[in-house]
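Shown next, in structure tokens, is the structure this report addresses.
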Amino acid sequence: MDKEFQRKLAKILEKTDWHLGIGDVENATGISQTKLRYWERKGYIKSAQGKGQNRKFTYGTLMKVYQMKMYLDQGYTLAVAAEKAESKSQIMRTLKRAIFDRYEGMETIDGNPAINLGSLTDDPKHVLYAIVKKDDTELKLLPKETNHEDVD
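If you use UniProt numbering, the sequence shown corresponds to residues 1 to 152, in order.
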């Protein structure tokens, strides 16, 4: 994948918030529209008002609702479930940022998909790869000039 395309894709994905209607969130999570509206009134989740005042939720909010449901199912109160879900959301935003900042392409190493995370700041002659295997992901620092199979 060429670098310019990667940069454009990262910008699009970083700025794009796909929106779901309240019914979509209900169907995906099993949380009723009444509860979703209540959670919004309490400030636990947010929506954007679409045309005709329909609530539209981002993918991130959908994931937060899933997390909140999981914590509620484990016996936590709504307030604690929302707090824990927000903490997880912050972790995911940070992870997303790190991946977008470092992603340089996909390759194949030893028959496994490998995410090229670029060179280390103090070691421009090597590249860090996250090699995704069946049961785990392995990090390897390999010489930059090594040729691997590109995956586009």
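All residues carry an ideal CB built from backbone N, CA and C; glycine is no exception.
Measure the alpha-carbon distance for residue i versus residue j and round it to whole angstroms.
i           : j           : result
residue 145 : residue 134 : 26 Å
residue 63  : residue 42  : 18 Å
residue 47  : residue 54  : 9 Å
residue 4   : residue 100 : 13 Å
residue 26  : residue 116 : 37 Å
residue 152 : residue 107 : In this prediction, residue 152 has a pLDDT of 49, which is less than 50 and means its spatial position is unreliable; nothing more can be read from the coordinates.
residue 94  : residue 34  : 31 Å
residue 19  : residue 40  : 16 Å
residue 130 : residue 114 : 5 Å
residue 112 : residue 141 : 15 Å
residue 77  : residue 61  : 19 Å
residue 57  : residue 123 : 42 Å
Tell me, please, which residues DSSP counts as bridged to residue i.
i           : result
residue 127 : 142
residue 132 : 137
residue 91  : DSSP lists no partner for residue 91.
residue 49  : 55
residue 27  : In DSSP, residue 27 forms no bridge with anything.
On the criterion of 16 or more Cβ atoms from any shown chain inside 10 Å, does residue i qualify as buried, or is it exposed?
i           : result
residue 137 : exposed
residue 59  : exposed
residue 139 : exposed
residue 49  : exposed
residue 29  : buried
residue 85  : buried
Leaving aside the five residues before and after residue i along the sequence, list all residues of the same chain whose C-beta is less than 6 Å from its C-beta, in chain order.
i           : result
residue 125 : 144
residue 103 : none
Return the chain-ordered list of same chain residues with a C-beta closer than 7 Å to the C-beta of residue i, the five sequence neighbours on each side being excluded.
i           : result
residue 37  : none
residue 119 : 126, 127, 144
So residue i and residue j are supposed to be a Cβ contact under 8 Å. How far apart are they, rounded?
i          : j          : result
residue 71 : residue 79 : Wrong, their Cβ atoms sit about 10 Å apart, outside the cutoff.
residue 65 : residue 91 : That belief does not hold up - the Cβ atoms of residue 65 and residue 91 are roughly 16 Å apart, past 8 Å.
residue 88 : residue 67 : 5 Å
residue 69 : residue 31 : 6 Å
Go through its chain and collect everything with a Cβ distance to residue i's Cβ below 8 Å, but skip five positions before and after it.
i           : result
residue 132 : 112, 113, 114, 115
Quick one: is the Cβ of residue i within less than 7 Å of any heavy atom of the ligand SAM?
i          : result
residue 33 : The ligand SAM is not part of the structure shown, which contains no ligands of any sort.
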